[in-house]
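If you number the sequence shown the way our numbering does, the last residue is 672 and the count never jumps. Cβ atoms here follow ideal geometry from the backbone N, Cα and C, with glycine treated the same way. Treat the numbers as computed from the prediction; the structure is a model and nothing was measured. Right, one structure below, let's go through it.
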Amino acid sequence: MVEKQKKSIDPATNALIAKAAADGCNTVFDRAETMKPCPIGGEGSCCSICAMGPCRVPAPKGREETPEEKKKRRGVCGATSETIAARNLLRKMAAGSAAHSDHGRRVVQAFLAIARGETKDFTLKDEQKLLQLALELGVNIGTRSNNEIAVDVGELLLNEFGKQEGELLFLKRAPIKRQEIWHKLGVAPRGIDHEVVEALHRTHMGVDQDYKNLLLQGARVSLADGWGGSLIATELQDVMFGTPQPVASQINLGVLREDEVNIIIHGHEPHLAEALAVMCESPEMIAYAKSKGAKGINLTGMCCTANEILMRHGVPIAGNFLQQEMAIVTGAVEAMVVDVQCIMQGIVEAANCYHTKIITTDPRAKIQGAMYLEFDDIHAMESAKTILKTAIDNYQNRKKNVYIPKDQKADLIAGFSHETINYLLGGLFRSSYRPLNDNIINGRIRGVAGVVGCNNARVTHDDVHVTLVKELIKNDVLVLQTGCAAMATAKAGLMVPEAARFAGEGLRSVCEAVGIPPVLHLGSCVDNSRILITATAMVKDGGLGDDISDLPAAGVAPEWMSEKALSIGQYFVSSGVFTVFGVNWPTLGNKEVTDFLFKDMEQLYGGMWAFEPDPMKQAKLVIDHIDKKRKALGIDKARDRVLYDMAMRRELE
Ligand code: XCC
Numbered sequence: 020m021v022e023k024q025k026k027s028i029d030p031a032t033n034a035l036i037a038k039a040a041a042d043g044c045n046t047v048f049d050r051a052e053t054m055k056p057c058p059i060g061g062e063g064s065c066c067s068i069c070a071m072g073p074c075r076v077p078a079p080k081g082r083e084e085t086p087e088e089k090k091k092r093r094g095v096c097g098a099t100s101e102t103i104a105a106r107n108l109l110r111k112m113a114a115g116s117a118a119h120s121d122h123g124r125r126v127v128q129a130f131l132a133i134a135r136g137e138t139k140d141f142t143l144k145d146e147q148k149l150l151q152l153a154l155e156l157g158v159n160i161g162t163r164s165n166n167e168i169a170v171d172v173g174e175l176l177l178n179e180f181g182k183q184e185g186e187l188l189f190l191k192r193a194p195i196k197r198q199e200i201w202h203k204l205g206v207a208p209r210g211i212d213h214e215v216v217e218a219l220h221r222t223h224m225g226v227d228q229d230y231k232n233l234l235l236q237g238a239r240v241s242l243a244d245g246w247g248g249s250l251i252a253t254e255l256q257d258v259m260f261g262t263p264q265p266v267a268s269q270i271n272l273g274v275l276r277e278d279e280v281n282i283i284i285h286g287h288e289p290h291l292a293e294a295l296a297v298m299c300e301s302p303e304m305i306a307y308a309k310s311k312g313a314k315g316i317n318l319t320g321m322c323c324t325a326n327e328i329l330m331r332h333g334v335p336i337a338g339n340f341l342q343q344e345m346a347i348v349t350g351a352v353e354a355m356v357v358d359v360q361c362i363m364q365g366i367v368e369a370a371n372c373y374h375t376k377i378i379t380t381d382p383r384a385k386i387q388g389a390m391y392l393e394f395d396d397i398h399a400m401e402s403a404k405t406i407l408k409t410a411i412d413n414y415q416n417r418k419k420n421v422y423i424p425k426d427q428k429a430d431l432i433a434g435f436s437h438e439t440i441n442y443l444l445g446g447l448f449r450s451s452y453r454p455l456n457d458n459i460i461n462g463r464i465r466g467v468a469g470v471v472g473c474n475n476a477r478v479t480h481d482d483v484h485v486t487l488v489k490e491l492i493k494n495d496v497l498v499l500q501t502g503c504a505a506m507a508t509a510k511a512g513l514m515v516p517e518a519a520r521f522a523g524e525g526l527r528s529v530c531e532a533v534g535i536p537p538v539l540h541l542g543s544c545v546d547n548s549r550i551l552i553t554a555t556a557m558v559k560d561g562g563l564g565d566d567i568s569d570l571p572a573a574g575v576a577p578e579w580m581s582e583k584a585l586s587i588g589q590y591f592v593s594s595g596v597f598t599v600f601g602v603n604w605p606t607l608g609n610k611e612v613t614d615f616l617f618k619d620m621e622q623l624y625g626g627m628w629a630f631e632p633d634p635m636k637q638a639k640l641v642i643d644h645i646d647k648k649r650k651a652l653g654i655d656k657a658r659d660r661v662l663y664d665m666a667m668r669r670e671l672e
């Protein structure tokens, strides 16, 4: 008998999977059992781009295909399996880039509304970051007010989306050598929307039919995300809502409260969450909650919105991607308020089993069967109030079958922005990456890994994340995290300074000296741009080569599922980072395309893709890569240090 895949390593999730079954509530874990993934689509061998298809061109399994078979593996139009696989991949990258970048555009629009005085509900919190941005972008500061400066900054950055000529302004932040690579390959993005549109055009029936050329556009549209849309979002969110600093909080479903109105904010963009965080504290709203029999209001987050308000307000996190229905199954959630991205339609069905109201708030993302209360950036607090009142009114409808896994919550420290890491390492007056670079050079820290991305119901929830990260820190690799990946390891207790005890001796000594955890939380998925800036800062500080591709560093998305992850992965690779994906790889149906991504890309970008579902093997790939880079830098000897015990010392005397 085939053993069933374990659903989660998280006890809270497992307890609620059992409760859902008892309550007759269908969840993602049930659907993943009944709906098997399509093997042809999964390997990138299905073309549904025109109405002559869909054409299926699956690769033979378990053996090399013959040249004759290969010739026949074509769509009705004659498209080869290379074209089909590359075209599918590029479309996914374009969708991922579009998602982050549409988020970025919305952030700029909100930023401009504040700068122009169109709303009084938010202010620009981080003046220093605003002025730095103005300097970088060549905006006149002089005696002008912050708002005047911000209007110019906002307009310049809004222009980045529709720009038709030139290249994105933030590309200049990258190391010079990296910029030269992009120019040589012709992949420096022009405008953000421009690259998404061109990717869609080139993948339309009968346009770009050379897989290498298609994958160049994959690099360009993804770079438009990492060094464009996502970076713009991160920078302006920091100016508006504050640059994150270390903050303590808690995570997992145990943060829900039995005697309070529980509201979960789920999605990605931070404006609504910011407004709710402020409004929840208002005496008027607290009194209103009390008038309905609750002791107070408990706002918690889910997915990347959770990371945003955790980083800036310490708002606790209820869970990551695969826990969204589980939160509802507690029977204790009055409202799940959502905006865009990673919101499973299944939450509406789950909510129908309990009393939870699903409230959509964004005209771009309505869900059939959910309640729609539009969030208005200009009148943010009024919108937040309406949403809160709706949730509070629902408290009285809470049914009896409530179960909160109260013991299931872990402490965590978050808020490690690039600025914070810089400050923590070097201090206020000499903030720098020097101590980090020095500790890498002397071998206490072997290297750095960015471990990011989603959960995926095709693998045991959180397992791949936690196993991988534990193995990395044990081997002295400092781990930087974002997104749902960060939440998985935080739940496992790896994001507190005491977790240094799980680290190898070298990394532990650095963590203990600085007082940081061995696994640093850098924020949401758009904040993967912070990892690019951190890597660039390490290069610029010196001693570790002159490009990101020289660093003893790698990226991993162990449980990825979204198209955004592919865009992130490709902008890591195109920025020079060796990047490993778990679960499944969407071009396995074509050897040429896969070899190009897994081998040839290194010649072009200094970074390349790898696919490995096993977390221990993922760790080995990362560590081997880090060691290869250490050797190339001539710092491999430093790690071979011997720690003398007393007997050895005496022998030497
Ligand atoms: Fe979504 Fe961002 Fe993935 Fe989590 S990590 S499942 S994309 S919430 Ni971004």
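Residue i to residue j, Cα distance in whole Å?
i: Thr319; j: Lys90; result: 55 Å
i: Ala505; j: Arg453; result: 25 Å
i: Gly261; j: Phe435; result: 13 Å
i: Arg110; j: Asp29; result: 34 Å
i: Ile459; j: Thr32; result: 38 Å
i: Met321; j: Phe340; result: 7 Å
i: Gly687; j: Ser268; result: No statement about residue 687 is possible, as the shown extent of the chain runs from 20 to 672 and does not include it.
i: Val127; j: Leu234; result: 29 Å
i: Pro632; j: Asn603; result: 7 Å
i: Val359; j: Leu219; result: 21 Å
i: Ile36; j: Pro194; result: 48 Å
i: Arg660; j: Glu531; result: Note that Arg660 scores a pLDDT of 48, beneath 50, so its modelled location is shaky; the value from the coordinates is reported in the next line. Cα-Cα distance, rounded: 20 Å.
i: Ala113; j: Gly61; result: 18 Å
i: Ser581; j: Asp426; result: 31 Å
i: His213; j: Asp257; result: 26 Å
i: Arg520; j: Lys231; result: 46 Å
i: Met304; j: Ala313; result: 11 Å
i: Pro674; j: Asn178; result: In the structure displayed, the chain extends from 20 to 672; residue 674 sits before or after that span and is not available.
i: Asp619; j: Met627; result: 8 Å
Closest by CA to residue i, which one among the options?
i: Lys489; options: Asn420, Ala638, Ile552, Thr598; result: Ala638
i: Gln236; options: Leu204, Met224, Val266, Gly247; result: Leu204
i: Ala118; options: Asn339, Val258, Gly286; result: Gly286
i: Glu293; options: Glu83, Phe597, Lys404, Gly136; result: Lys404
i: Leu156; options: Arg527, Leu187, His332; result: Leu187
i: Ala507; options: Asp481, Ile492, Arg520; result: Asp481
i: Thr439; options: Val533, Ala518, Pro194; result: Val533
i: Asn166; options: Leu152, Ser64, Gly136; result: Gly136
i: Pro208; options: Leu233, Ala511, Gly502, Lys182; result: Lys182
i: Ala9; options: Leu491, Gly512, Met330; result: With the chain represented from 20 up to 672, any question about residue 9 goes unanswered, as that position is not in the structure.
i: Pro73; options: Pro265, Val334, Val95, Thr85; result: Val95
i: Phe189; options: Leu152, Asp212, Arg124; result: Leu152
i: Lys510; options: Glu524, Val538, Lys418; result: Val538
i: Ala39; options: Ile645, Val485, Ile366, Val76; result: Ile366
i: Leu640; options: Phe597, Ala389, Gly625, Glu184; result: Phe597
So, is residue i buried or exposed, given that buried needs 16 or more other C-beta atoms within 10 angstroms?
i: Arg9; result: Nothing can be reported for residue 9: it is not among the residues displayed for the chain, which extend from 20 to 672.
i: Gln147; result: exposed
i: Ser164; result: exposed
i: Thr53; result: exposed
i: Lys80; result: exposed
i: Lys656; result: exposed
i: Glu88; result: exposed
i: Ser116; result: buried
i: Gln387; result: exposed
i: Glu83; result: exposed
i: Gln415; result: exposed
i: Gln364; result: exposed
i: Met259; result: buried
i: Leu444; result: buried
Assuming residue i and residue j form a contact by the criterion Cβ under 8 Å, report the distance between their Cβ atoms to the nearest whole angstrom.
i: Trp579; j: Asn475; result: 7 Å
i: Gln500; j: Val471; result: 6 Å
i: Gly601; j: Ala576; result: 7 Å
i: Ile411; j: Val356; result: The Cβ separation is near 12 Å, so there is no contact.
i: Ser594; j: Ile567; result: 5 Å
- Examine the Cβ distances between the segment 399-410 and the segment 246-257 and report whether three or more of them are shorter than 8 Å. Short answer: they don't touch.
- Is the segment 181-201 close to the segment 221-229, with three or more CB pairs under 8 Å? No: the two stretches stay apart, fewer than three of their Cβ pairs being nearer than 8 Å.
- Query: Three or more beta-carbon pairs under 8 Å between the segment 362-374 and the segment 611-627, yes or no?
  - Reply: The segment 362-374 makes no contact with the segment 611-627, as fewer than three CB pairs between them are under 8 Å.
- Query: Counting pairs of beta carbons, one from the segment 96-110 and one from the segment 57-76, are three or more of them closer than 8 Å?
  - Reply: The answer is yes - the segment 57-76 touches the segment 96-110, with three or more Cβ pairs under 8 Å.
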